[in-house]
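The numbering of the sequence shown is full-length UniProt numbering, which starts it at 1 and goes up by one.
We put the beta carbon where it would ideally sit given N, CA and C, even for glycine.
Values in this document were obtained by computation on a predicted structure and should not be read as measured data.
Here's the structure, in structure tokens; my notes come after.
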Amino acid sequence: MAGMAGAPGPTPPTEGGGEARPAWDNKLQYLLSCVGFAVGLGNLWRFPYLCQMYGGGAFLIPYVIALAFEGIPLFHIELAIGQRLRRGSIRVWTAISPSLGGVGLGCFTVSFLASLYYNMVLTWVLWYLLNSFQHPLPWSACPPDLNRTGLVQECQGSSPVSYFWYRRTLNVSADISDSGPVQWRLLLCLAASWAVVYLCVIRGIETTGKAIYFTALFPYLVLTVFLIRGLTLPGAMEGLTYLFTPDMRVLQNPRVWLDAATQIFFSLSLAFGGHIAFASYNQPRNNCRRDAVSVALVNSMTSLYASIAVFSVLGFKAASDHGQCLDRNILRLINAFDLPEQSISRDDYAAALARLNVSQPARVAGLPLEACRLEDFLDKSASGPGLAFIVFAEAVLHMPAAPAWAVLFFGMLYSLGLSSMFGNMESMTTPLLDLGVMPRRVPKEALTGLVCLLCFLTSSCFTLRSGSYWLEIFDQYAVALNLILLAFFEVVGVVYVYGMKRLCDDIAWMTGRRPGFYWRVTWKVVSPLLLLTIFVAYVALLASSLPGYKAWNPQYEQFPSRQGKPYPSWVLAACVLLSFLPTLWVPVVALGQLLARCREKTRNPPQDGGPKPRGSRAC
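Pasting the structure below:
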């Protein structure tokens, strides 16, 4: 059936020197690797936050639209060209056109930059995981001061959880210009993290294919455990109701649509080159269309599943904080009015306060009563590291057997991040192997080791006291704009350079069916226009305000809130460089190819009536 679907293209190439290309042991390994690369930390600590911030269930409307017209079509293209051409990200694009080689180099560069800070996040997770094997947890109480006459003032002014994160873990400086010394405990954890990555990817898919069974499936097991436990906790239903109650008014905000589009984009790990590398090890006749749709849907359903698990626990934390707030107010009322102990319960607090406010309003007005609203505590969610290392770290303190839940949570985070690192490493090692940058007598293990060593040495800058500020810069500027632009060049390069007809013929040969109208119109029109719109909106958003950061400064007059500071001029220059560095490969390589064709024309001018060299019109 597949052989009759279209004329087969050229024989799929092998690696340099005629050596047969490695292949997955089975289809499950490949699918788990794609799922592991796509499903990462963002599914757990960004998607729930976006749902909460943008109208709960209403956010799913732009999210599903972006999935259908941006995420799945681009994902299908990456799997199709990787499987058909059987090359890594650099050689795929040079095979399509030498002028597009910069797209592959850009994907390689952005994967390198992303690996630097992504594995630093795993280093923080590993540090918390190691500290979770203690009872009580080290972030459950403030430590004594140097004289042991009291508690550390900075911890008392903030909270034990914030103090453990900002001081005991990061030992963060109060300004990005103050780098400070290397934090040796983080440097050792960073070395251990890169050692784990190296051992898992030492022989490419031969080892990652084995490790992925654990790293991709273990997070689902832990999420299920947290979900079951979370749903049995008081306040869980309030958390889920708060998360998914739709507010359609937010759809009038353009930022909602932009964040939905970018969340789909980064959640599927598009334009990194990892999916192209993974697909290149497939059998030529594999149904890449079905794989693209299946993995994309699993990724999105995982985001929803994680949201339910996370907010059931966060709802319990909010209910606990709300109850403690009521207890403090009740204690103030009892002391102020000389009432019997336990004469006021949480349930009748509002009624008792109303009675006292009618009989003695002046005395009630003079009390330092807190505004104990459950909604205010539910609003205290966060995204990114703030959710994992502050909000959720505090949430597990309220649970029985807190160390066990901390071990499960941070173990799950490490597995999620590690499986994504497999894709990042394949994005770098597969193109290098395809290009033959190492002599053939040098084993693959040595190349993988050199890449990991280079990444470790470069990422050690994040272990400085200002390292967390720089990691935030890399996260915000080194990846986002570059991936959007590279994805635009990918879809344009495949559809308009490789050719829509040739792409459809290849897919028909691989899957047995030609792409229908939906695929063709999204590839040719919708996806490129959507990517350009996202890019313009993203640039406009960044340009609308002066870039800055939030510094943890114990001397700040509003401490424990973080102090907002603008970036110095030299940091702004670094932000601009990171924003376009990987994408600069595209025009540089295209210009180099143009000049090479012009030189070839000059050296070998065509004879009268003879054929003109390729590209001579451009010269």
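- In terms of Cβ geometry, residue 523 and residue 102 do not form a close pair [threshold 8 Å].
- With a cutoff of 8 Å on beta-carbon distance, residue 133 and residue 240 are scored as not near each other.
- The Cβ-Cβ distance between residue 109 and residue 433 does not fall below 8 Å.
- For residue 403, no beta strand (DSSP E) encloses it; the enclosing alpha helix (DSSP H) starts and ends at 402-435.
- Residue state for residue 29 is assigned as helix, using DSSP reduced to three classes.
- DSSP places residue 234 in the coil class of the three-state scheme, outside both helix and strand.
- Just so you know, the alpha carbons of residue 477 and residue 408 end up roughly 32 Å apart.
- Contact annotation, residue 80 with residue 372: C-beta distance approximately 56 Å; criterion of less than 8 Å not satisfied.
- Distances from the CA of residue 276 to each of 69, 574 and 425 were compared; the closest alpha carbon is that of 425.
- The Cβ atoms of residue 193 and residue 466 lie no closer than 8 Å to each other.
- C-alpha of residue 567 to C-alpha of residue 511: approximately 51 Å in a straight line.
- Residue pairing by DSSP places residue 477 in no beta bridge whatsoever.
- The Cβ atoms of residue 545 and residue 40 do not sit closer than 8 Å to each other.
- Counting C-beta pairs with one atom in each stretch, the segment 380-395 and the segment 57-72 have fewer than three that are closer than 8 Å, which means they do not touch.
- Annotated three-state conformation of residue 464 is strand, per DSSP.
- In the structure shown, residue 151 falls within a strand segment according to DSSP collapsed to helix, strand and coil.
- Closest option to residue 314, judged by alpha-carbon separation, among 243, 590 and 509: 243.
- Under the DSSP assignment, residue 315 falls in the alpha helix (DSSP H) whose first and last residues are 288-337.
- The DSSP-derived three-state label of residue 558 is coil.
- Shown here, residue 549 sits in a strand according to DSSP, grouped into three states.
- For residue 378, same chain residues with a beta-carbon under 6 Å away, outside a window of 5 residues either side, are 242 and 318 in chain order.
- A Cβ-Cβ separation of about 7 Å places residue 530 in contact with residue 261 under the 8 Å criterion.
- For residue 160, the three-state secondary structure derived from DSSP is helix.
- In this structure residue 50 is in contact with residue 259, their Cβ atoms being roughly 6 Å apart against a cut-off of 8 Å.
- In the structure shown, the three-state DSSP call for residue 593 is helix.
- The three-state reading of DSSP puts residue 106 in helix, counting H, G and I together.
- Per DSSP, reduced to three states, the secondary structure at residue 501 is helical.
- Residues 325, 328 and 329 of the same chain have their beta carbon placed closer than 8 Å to that of residue 370, with the five preceding and five following residues left out of the count.
- Nearest neighbour of residue 144 by Cα position, chosen from 135, 130, 131 and 160, turns out to be 160.
- Relative to residue 87, the option among 601, 427 and 456 whose CA is nearest is 427.
- Contact between residue 250 and residue 54 is confirmed by a C-beta separation of about 5 Å, below the 8 Å threshold.
- Comparing alpha carbon positions, the residue from 603, 59, 139 and 131 closest to residue 395 is 139.
- Between residue 63 and residue 264, the CB-CB gap stays under 8 Å.
- The beta carbon of residue 217 lies closer than 8 Å to those of 32 in the same chain, with the five residues before and after it left out.
- Every alpha helix (DSSP H) of 4 residues or more that sits fully in the segment 353-377 is shown, in chain order, as 361-365.
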